[in-house]
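Undergrad: Dumping the structure here so I can ask a few things about it.
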Amino acid sequence: MNVLGVDIGGSNSVVAVADQSGSIFTHKQILTPNVLGPNLNIDMILTAACQIIQETGKSIDAIGIGCGGPLDRRTGTLHKVANLPSWDGICLTEIFEDITGAPAFLDNDATAAAMGEAAFGSGKGLANFVYLTVSTGIGGGIIINGKPYRGHGENAGEIGHTKIIPDGPPCKCGDRGCLETLASGTAIARIAKEGLADNPDSILNDALNERDGLTARSVSVAAKKRDIYANKIWSDAMYHLGLGVANVVNILNPELVVIGGGVASAGEMLFKPVTEVVNQRAMKALADDVKIAPSHHGDLIGVMGAIAVALEGMQG
Ligand SMILES: [Zn+2]
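Position in the sequence shown (from 1) plus 324 gives the number in the working numbering.
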């Protein structure tokens with residue numbers, strides 16, 4: 325059995341063809357900036373998917389799609405996704421089924437990534453763990469007793485919208501002070517830009533002229549070079565992220581919290597301060613119980629999750 329995995333993100337998307345053990349034959353990354361809108365982005369993702377299916381020569385038995393929530397897994401439809409506002413009401417499963425003729429299954433991208441970790445990654449064999457993606461937004465996937473926890477309306481795990489500062493920055497969800505407004509890649513870049521005029525000596529001013537502009541990565545790189553302003557922005561973001569993880573640890577008592585997504589590629593610059601905050605702020609017995617670690621699958625964990633969604637869908 326072969327499956328197509330589709331990981332749809334607010335900035336990048338990835339498609340991959342894999343077998344039933346999760347081994348990827350080939351994959352392709354596509355830039356899918358939100359400004360292009362859903363039609364153009366979906367066209368580019370479909371084109372890339374068709375290309376890799378043709379390249380591998382495999383017949384596809386099922387398709388798994390991971391996308392930010394909220395969404396309706398049963399109908400395969402997106403509902404007011406915070407990071408993809410113009411995609412509201414789009415039925416992704418129908419689009420992919422029409423093109424490939426194979427059954428398609430949709431799931432929240434972070435829940436999918438947690439399923440990917442459970443099936444093929446560091447969550448293998450663990451009963452209780454959490455996957456946190458820190459990229460354009462912040463999403464969470466929860467595994468309880470070896471199974472994804474979806475909640476009453478199947479949209480559980482919105483860890484990015486837990487409240488960190490009561491009257492903090494406005495969030496796309498309509499509230500304020502959510503973790504996502506303080507520690508996502510988008511937030512780190514926004515906060516850095518807001519104070520840049522008052523910090524003319526910061527090397528972050530140079531990043532404005534780079535091809536991608538000032539990003540969260542620019543902040544982590546400048547912080548590593550001991551730029552005082554960048555270090556303050558990065559430290560604050562990691563403190564807030566640590567508080568978010570400490571809340572998750574206190575509520576769920578997981579054995580492992582895997583942190584993935586573009587911001588997690590900063591490595592120890594993220595894992596060291598976040599672990600320190602969890603150790604200081606979560607309850608001791610629970611903090612002592614948890615390991616906080618990167619995904620072994622790096623950038624591919626999203627699409628590995630989509631592959632796990634396809635395989636689970638086939639099992640009914
Ligand atoms: Zn929010």
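Think of the CB as a built atom: it goes at the ideal place given N, C-alpha and C, for glycine as much as any other residue.
Taking the alpha carbon of E379 as the point to measure from, which residue in V339, I462, A547, D412 has its own alpha carbon closest?
TA: V339
Undergrad: Should S383 go down as buried or exposed, given a rule of 16 or more other Cβ atoms within 10 Å for buried?
TA: Residue environment for S383: exposed (fewer than 16 other C-beta atoms within 10 angstroms of its C-beta).
Undergrad: Could you tell me whether any non-hydrogen atom of ligand 1 is closer than 7 Å to the CB of H485?
TA: yes
Undergrad: I'd like the list of long-range same chain contacts for C415, defined as Cβ closer than 7 Å, with 5 residues on each side in sequence excluded.
TA: T399, G400, T401
Undergrad: Tell me, please, which residues DSSP counts as bridged to K404.
TA: Answer by DSSP bridge pairing: none, since K404 is not bridged.
Undergrad: At which residues does the beta strand (DSSP E) containing S292 begin and terminate?
TA: What the structure shows of the chain is the stretch from 325 to 640, and residue 292 is not part of that stretch, so it cannot be assessed.
Undergrad: How many Å lie between V587 and V327 at the Cα?
TA: Cα to Cα, V587 sits roughly 28 Å from V327.
Undergrad: If you draw a straight line from the C-alpha of G492 to the C-alpha of A511, how long is it?
TA: 12 Å
Undergrad: Give the straight-line distance between the Cα atoms of C374 and D385, rounded to the nearest whole angstrom.
TA: 14 Å
Undergrad: Can we count C374 as close to ligand 1, meaning its CB is less than 7 Å from some heavy atom?
TA: no
Undergrad: Can we say the segment 455 to 467 touches the segment 583 to 603, given the rule of at least three CB pairs closer than 8 Å?
TA: Touching, per the Cβ criterion.
Undergrad: How is the beta strand (DSSP E) around V327 delimited, first residue to last?
TA: 326 to 332
Undergrad: Which residue wins for smallest C-alpha separation from R550, given the options L528, L624, L538, G381?
TA: Per the C-alpha coordinates, the member of L528, L624, L538, G381 positioned closest to R550 is L528.
Undergrad: Going by CA-CA distance only, name the one from A451, G392, L408 that's closest to L430.
TA: G392
Undergrad: In the DSSP output, which residue or residues are listed as bridge partners for H351?
TA: The partner list for H351 (beta bridge, DSSP) reads A340.
Undergrad: Just to check, is the beta-carbon of E534 closer than 7 Å to a non-hydrogen atom of ligand 1?
TA: no
Undergrad: Look at the alpha carbon of T460 and the alpha carbon of G425, and state the distance between them as a whole number of angstroms.
TA: 32 Å
Undergrad: One question on the structure: do A434 and G463 come within less than 8 Å of each other, judged by their Cβ atoms?
TA: yes
Undergrad: In this structure, what does DSSP give as the bridge partners for I575?
TA: DSSP lists no partner for I575.
Undergrad: So L503 and T486 are in contact, right, with Cβ under 8 Å, and what is the actual spacing, rounded?
TA: 5 Å
Undergrad: With 16 as the cutoff for other CB atoms within 10 Å, does T356 come out buried or exposed?
TA: Burial call: buried.
Undergrad: Since I515 and I557 should fall inside the 8 Å C-beta cutoff, what is the C-beta to C-beta distance between them, to a whole number of angstroms?
TA: 6 Å
Undergrad: S589: which of G509, L576, G629, D613 sits nearest, CA to CA?
TA: G509
Undergrad: Scan the segment 562 to 614 and note each continuous alpha helix (DSSP H) run of 4 residues or more that stays entirely inside, going in chain order.
TA: 592 to 605, 608 to 611
Undergrad: Taking 8 Å as the threshold (C-beta atoms), are S446 and A630 in contact?
TA: no
Undergrad: At a cut-off of 7 Å, is D499 close to ligand 1 when judged by its beta-carbon and the heavy atoms of the ligand?
TA: yes
Undergrad: Can you name, in chain order, every residue of its own chain whose Cβ lies under 8 Å from the Cβ of K548, other than the five neighbours on each side?
TA: So the qualifying residues of the chain are M593.
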